[in-house]
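Note sheet for the following structure.
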Amino acid sequence: MLKCRTAWNKLAPLARSSSTVCRRNVRGTGLTNGRTPICVPATHMSSGAGGGGGGGGWDNTIYAVLVGAACVGGMTLTYKTLKEDQRRYEERIAEIASRPHRQEALTSSEPAELEVVPSSEADPTAPEVEVEAEVAPEVEVEAAVAPEVEAVVAPEVEAELIAAPATEAVSPSESTELPPVDEPVVEAPPEEAAAAPPVDPPVVEEAVLAEPTAPETPPVEISEASPALVSESAAESKPSSATFPSHVPYLLIGGGTASFAAARSIRARDPNAKVLIVTEEPDLPYMRPPLSKELWFSDDSSVTETLRFKQWNGKERSIYFQPPSFYIKAEELGSSENGGVAVLTGRKVVHMDVRGNKIKMDDGSEISYDKCLIATGGIPRNLQVIERAGEEVMKRTTLFRKIEDFKALDKVSRNVKSITIIGGGFLGSELACALGRKSSEFGLEVVQMFPEKGNMGKVLPEYLSNWTTERVKREGVKIISEALVKSVSFIDDELEITLKDGRVVKTDHIVSAVGLEPNVDLAKSAGLEVDSDFGGYRVNAELQARSNIWVAGDAACFYDIRLGRRRVEHHDHAVVSGRLAGENMTGTSKPYWHQSMFWSDLGPDVGYEAIGIVDSSLPTVGVFAKATAKDTPKAAAEQSGTGIRSESETEDTATSPVASTSPATVVEHKDDYGKGVIFYLRDKVVVGIVLWNVFNRMPVARKIIKDGEEHADLNEVAKLFNIHED
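Take the sequence shown: its position 419, counting from 1, is numbered 421 in the working numbering, and each next residue is one higher.
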């Protein structure tokens, strides 16, 4: 093109003179035949003798020949340049298209060829290549017409077309995003390019090149065979042992009851939904209540391996909600036409980007989502005096929560002489009764200590708590009440627990059952609000923490339309809140109005169910009757057909309760409490109800609390539960 410009500069003055001569001759000839010669010499322009005209005609002919030659030469040069550009363009595209087949060979690029793309989210390959090739011919044509432009643009275009593009590894979420076609490509300076480390080229499919402006692309399956699609942070971490999709429509964090209930609800409303559950535990979703209840009463010596147990009704079932065949493999989730539920076990989510709609796991890998549920549950609390006591004490302390804890405690109970349970709540009392049953069989001493006066002292009224304490003692458990732990030490192969009143308890193993701390580790990175009073993520009535983030289960601090803001740590709440969150993730926008219940069994003969606020500091009224053989947890399970009593209860049966005609009796202090109802009052309104050995009446209790009315005579209200009928 530079040659074309030089020729044009030389020929331009001659072309202009020739044009002037032609115009003047046309005006002077006065020809009437309508045909004007190409070049008619004028007398005063002739270089020969006056009036001859021969010399002037010859000169004009030379001018015309030169102008024609210049035009032909320029057009020829332009044509050849365009053809050469087209050839280079086709070679470039062919080279890019062949990269997937040569990926293993191209494991690194020359540092000097590194290109810098302004957009941090851009794939620095295909889109820019196509733009360069399309723009370059237009620039060349324009340069042929306007040489001033060509001299500036052409060298840069040539450099871009000749340089082989180098690329940077991109993260899974970034690999599906494409830059705008009008975004410039800036070549790195030589000194920066020389310092840039070699990087792996990404896999570029021809389909991506064909549609560079598409806003969305299908999820990319990430595997160990595609290292270029893994982020740099993931490459530095330990390699993944399993493959999984980089994007899922529904992401559920946590593998407990709430997550499984949400997954089942999502699939019920959206049969083709693709759901991925990410859990820290190595197990598939399972129910936790049997860990402290039925599993301990199994006659199967291999129960710790099978995790199958007999319910109180005699039927056998597994602790897992569904067998492995129910789930699909995580690597098959993205390509599954009918969707499904996949579980990614042994993975902890350590960071959550709510703006980018993605999470980061402990191995550095990332997953993006459309909608997300946080159901991280809780972490067992421990006493600070135990945590500060040292490694030997911690090795001999169990925080009971998971399957591994059940297996470990079962093994310990067979190999030690003494176990001390610290805590008098639901879990502590259940484990005390369960281990107490084994005390005679294995020669095991079981001790339960708590700061209250009796078992379940924070929940049950004092008279009922005292009765429960005596019941636990009959199970073979040594009770130490009003016990405040001062210190724990390991002396002479024994643990010594020193109480603040000076008492000392020696034991071989400790079970710390002092409550649950909601797992809100993601609150900081996600910018989610944690309730300062109850703990847990604060959510609205629809269990939303953000527009596309929901929270369910133990970690949710929700607003109860009757009882105010609450946080509940029970199985029924996990089931119902998870189910509602799943429905809302599919677009139903339902408020959480459910009054969740909870239950506890002190063996197969004594159990209770509760709802609302059951706090022993509130005024209570108890109405009791004589129990029969059918008023036990075992009989209730036989009648309902399930060992998980919350699975059988519904709200529909509470619409029209029928009261018993038998007289009710208010009982406050008797030695035997066979069955009855305890009402918890706040401002003369019932806010909580405990059904003591009364089963399948929870819908009635739920309706009483939902109505929120004052009752002048609770004896009449107690008749609704039919406690006096045989």
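C-beta: ideal position from N, C-alpha, C; glycine also.
The C-alpha of Gly256 is placed about 33 Å away from the C-alpha of Asn695. Look at the beta carbons and you see the segment 566–574 touching the segment 589–600: at least three pairs across the two are nearer than 8 Å. Nearest to Leu501 by alpha-carbon distance, out of Lys475, Phe452, Ala525, is Phe452. The shortest C-alpha to C-alpha distance from Tyr539 to any of Glu718, Gly459, Leu375 is the one to Leu375. Where Tyr465 is concerned, the enclosing alpha helix (DSSP H) starts and stops at 464–475. Around the beta-carbon of Ile321, 16 or more other beta-carbon atoms lie within 10 Å, marking it buried.
In the three-state DSSP reduction, Gly676 falls in the coil class, being neither helix nor strand.
Rounded to whole angstroms, the separation of the alpha carbons of Asp407 and His511 is 13 Å. Counting the other Cβ atoms within 10 Å of the Cβ of Arg357 gives fewer than 16, which makes it exposed. Contact between the segment 268–283 and the segment 333–348 is present, with at least three C-beta pairs closer than 8 Å. Annotation: Lys404 to Asn717 spans about 42 Å, alpha carbon to alpha carbon.
If you draw a 10 Å sphere on the C-beta of Phe444, you find fewer than 16 other C-beta atoms in it, and that means exposed. Checking the DSSP bridge columns, you'll see Trp601 partnered with Glu611. A direct Cα-Cα distance of roughly 11 Å separates Thr400 from Asp412. Residue state for Gly336 is assigned as coil, using DSSP reduced to three classes. According to DSSP, residue pairing for Gln450 in a beta bridge involves Ile423, Ile481. Tyr252 carries a strand assignment under DSSP once its states are collapsed to helix, strand and coil.
Apart from the 5 residues on each side of it in sequence, Thr306 sits with its Cβ closer than 6 Å to the Cβ of Lys409, Asp412 in its chain, given in chain order. In the three-state reduction of the DSSP assignment, Val351 falls in the strand class, which pools E and B.
In the structure shown, Val570 falls within a coil segment according to DSSP collapsed to helix, strand and coil. Here Lys508 is not near Val387, since their CB atoms are 8 Å or more apart. For Leu335, the closest of Val250, Gly710, Met700 by C-alpha to C-alpha distance is Val250. Comparing C-alpha distances from Thr471 to each of Leu604, Asn62, Ile725, Gly624 shows the shortest one belongs to Leu604.
Here DSSP, grouped into helix, strand and coil, assigns Leu411 to helix. In the structure shown, Arg89 adopts helical secondary structure according to DSSP, grouped into three states. A contact between stretches requires three or more CB pairs, one per stretch, nearer than 8 Å, and the segment 348–368 meets this requirement with the segment 526–539. The secondary-structure analysis by DSSP pairs Trp694 across a beta bridge with Tyr610, Gly678.
Rounded to whole angstroms, the separation of the alpha carbons of Ala263 and Val578 is 8 Å. The segment 677–693 and the segment 709–716 touch, with no fewer than 3 CB-CB distances between them shorter than 8 Å. Taking C-beta separations shorter than 8 Å and ignoring five residues to either side along the sequence, the partners of Asn384 in its chain run Thr399, Leu401, Ser514, Val516, following chain order. Beta-bridge annotation (DSSP): Tyr371 is paired with Val250. When the beta-carbon positions are compared, Asp533 and Arg567 come within less than 8 Å of each other. As for any alpha helix (DSSP H) of minimum length 4 sitting wholly inside the segment 270–306, the runs are 291–294, ordered along the chain. By the criterion of a C-beta distance shorter than 6 Å, Val418 is surrounded in its chain by Asp510, His511, once the five residues flanking it on both sides are discounted. Just so you know, the alpha carbons of Ser591 and Gly392 end up roughly 50 Å apart.
The segment 451–470 and the segment 541–550 do not touch, with fewer than 3 CB-CB distances between them shorter than 8 Å.
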